[in-house]
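I have placed the structure first, in the form of structure tokens, so that the comments after it can refer back to it.
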Amino acid sequence: MMPTLQPATQPASFRLIGEHGIKLAKYSYRLFDTLVIPNEDKASRVRLYALGTAAHALRDAGALFNKVTTDEAELNKLESCLELYYNLHCLFLPESGNLTVWTMAKAIPYYARKLYDEYGAGYGVVSMQEKEAKNATIKSDLKLTNRSKEEGELNKFHQIFHMEYMRAFWLEEHSPSPSRYNPHFNCRVPSHVGTPGYCDCGREIGEEQLAVEDPELQVTLCSFCVGALEVVACAREGELTPDMACLLSTAKVSINPLKGVLEI
Ligand SMILES: [Zn+2]
Ligand SMILES: [Zn+2]
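Under the UniProt record's numbering, residues 1 to 264 are what the sequence shown spells out, in order.
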């Protein structure tokens, strides 16, 4: 999708879908790194930490709720990522809270759990992938039905979904040939995450980390994530520490990095 440029008083509006959305999720840390301003005031930096961490939490959540099979541990992780994402918005970025944020943070984990509890499936089964191709197939299937509007098994939709079921599941399950199912799942987490020297967010753990006193943090977190620790702690607790509240309330200059405009 092409980004639309708008006057500076309006927040920029982007709509990235599919592959582009996944790439943004995967490499958003690079975007946030470009927004770092030298000698930035503390409140702006705090908001950048909140935004960067929210994007990381959303990436981790996306990697989980797009799975077709899942388990209890993954569901718990999904809930915890999305709670962090939601609280970061509420506490640090209230003006960017909207219906989409609420849907991601509240509706998705609710339905993910419901799908798992009732059907043992991951939320990825409701993927909209290939929806146009699916619609076209269903439309052509309609020609094969008797188009009955009666209730019950004669109904055209009953016949269509019966065909769908046969083709998508029954034949696959009962076929002697190996499954041709090929998952659309595309991992949102960069492949280098998990290798030594890289933080979970995707950034390299740099030499400046040696200045961090806690030896465990030195090897597991990058400087951005170390900087964001207090922000994350507030979001996990669901409230600002007195220091943080004071810092944010006395901030005279604030920056909304997505706008790229200083608001004084
Ligand atoms: Zn992570
Ligand atoms: Zn990091």
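Glycine included, C-beta positions come from ideal geometry on N, C-alpha and C.
Classification of residue i by the beta-carbon crowding that lies within 10 angstroms, buried from 16 upward
i	result
R15	exposed
E19	exposed
E95	exposed
N135	exposed
H89	buried
D60	buried
G52	buried
V86	Reading off the sequence shown, one finds Tyr at residue 86, where the question assumed Val. Result: buried.
N66	buried
Y123	buried
Y116	buried
Heavy atom of ligand 1 within 8 Å of residue i beta-carbon
i	result
R236	no
R59	yes
H56	yes
Of the listed residues the options, nearest to residue i (C-alpha basis)
i	options	result
C222	S44, M244 and Y49	Y49
V36	L247, E239, A235 and F224	F224
K143	Q159, E153 and C81	Q159
A121	L64, S249 and W102	L64
G62	D71, C81, N76 and L51	C81
T137	A57, T34, D33 and F161	F161
L31	I17, A55, E40 and A107	A55
C108	A228, A211 and N76	Correcting the residue identity first, residue 108 is Ile in this sequence and not Cys. Out of A228, A211 and N76, N76 has the C-alpha closest to the C-alpha of I108.
C201	E207, E239, V226 and E83	V226
L24	R188, L51 and A168	R188
K106	Y123, D41 and E83	E83
Y27	R113, C246, D214 and R203	R203
T220	S191, I205, A211 and E173	I205
L91	G238, L247, C246 and T250	G238
R113	S177, P176 and L78	L78
Y29	K156, L58, K42 and D41	L58
Closer than 8 Å: residue i CB and nearest ligand 2 heavy atom
i	result
Y49	no
C81	no
Y27	no
Any non-hydrogen atom of ligand 3 within 8 Å of residue i CB
i	result
G202	With respect to ligand 3, the structure shown offers nothing to examine, as its ligands consist of ligand 1 and ligand 2.
inquiry  = If we require 4 or more residues per run, which alpha helix (DSSP H) segments fall completely within the region 143-200?
reply    = 156-165 and 171-174
message = As an exercise, report each continuous beta strand (DSSP E) stretch of at least 3 residues that is fully enclosed by the region 11-87, in chain order.
response = none
query = Counting Cβ pairs closer than 8 Å, one from the region 40-56 and one from the region 67-74, do we hit at least three?
reply = no
message = Report the start-end ranges of each alpha helix (DSSP H) in the region 200-226 that is 4 residues or longer and not cut off at the edges.
response = 215-220
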